[in-house]
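Reading the sequence shown from the start, the letters are residues 2 to 175 in this note's numbering. Yeah, the Cβ is synthetic: ideal placement off N, Cα and C, and Gly gets one too. Below is one structure, written out as structure tokens; the observations come after it.
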Amino acid sequence: MLKLFTPNYYIHRYTALRPAFLKEQGIQLLICDIDNTLVPHDVAVPDDEAIAFLKSIQDAGIQIVFISNNVEERVATFAKGLNIPFYPFAMKPLPKTYRKMLKDFHVKRDVVAVLGDQLMTDILGANVMRFYTILTAQVVERDLSFTKVNRVFENIVFSLLKVTGKLVKGEYDE
């Protein structure tokens, strides 16, 4: 059961994710969460650092797609001008949107990675799909109210992962 919450790779910040590392893993498609993964939930557009990160991934020949449980207006505003497709109101961790992405991008699950900041949505959903999972620490500590509830359960899972030796919060792979 805890395996479903255990990422393949754990980083302190999204900028630590290198395109060469993704290529070594055979990744062709990076599914990327937005809120508190790339920017705080209350920041509408990507900053220069996020744009540079996304460009470096694309320049390596890896496709990017945004996924979010947030509403279309927020996700569309963030993605505007980036030429990156997006899937709002994805209902993570449910697999429906992930399955649609596999079909839309004509890729097999073993060439897909998911980058996100939450065990309860991003990592759980991606592990159910058997994607390569990358957990990043939150960009900021503040969260939306419903995410705060997820964080309570997430902290319980982190405690269990620590006890079993699978993952320690704040002990990163890179």
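{"Check": "Extent of the continuous alpha helix (DSSP H) to which Val-129 belongs", "Outcome": "125-129"}
{"Check": "Three CB pairs or more closer than 8 Å across the region 62-69 and the region 24-32", "Outcome": "yes"}
{"Check": "Proximity of Val-72 and Pro-89 at Cβ, strictly below 8 Å", "Outcome": "yes"}
{"Check": "Buried/exposed call for Lys-93, threshold 16 Cβ in 10 Å", "Outcome": "buried"}
{"Check": "Outcome for Ala-80 when other beta-carbon atoms lying within 10 angstroms are tallied against a minimum of 16", "Outcome": "buried"}
{"Check": "Close Cβ partners of Gln-59 (< 7 Å) along its chain, the five nearest in sequence each way excluded", "Outcome": "Ile-65"}
{"Check": "Cβ-based burial, Thr-165 [other Cβ within 10 Å; buried from 16]", "Outcome": "exposed"}
{"Check": "Coarse secondary structure for Leu-116, derived from DSSP in three states", "Outcome": "strand"}
{"Check": "Integer-rounded CB distance, given that Ile-135 should sit under 8 Å from Asn-9", "Outcome": "7 Å"}
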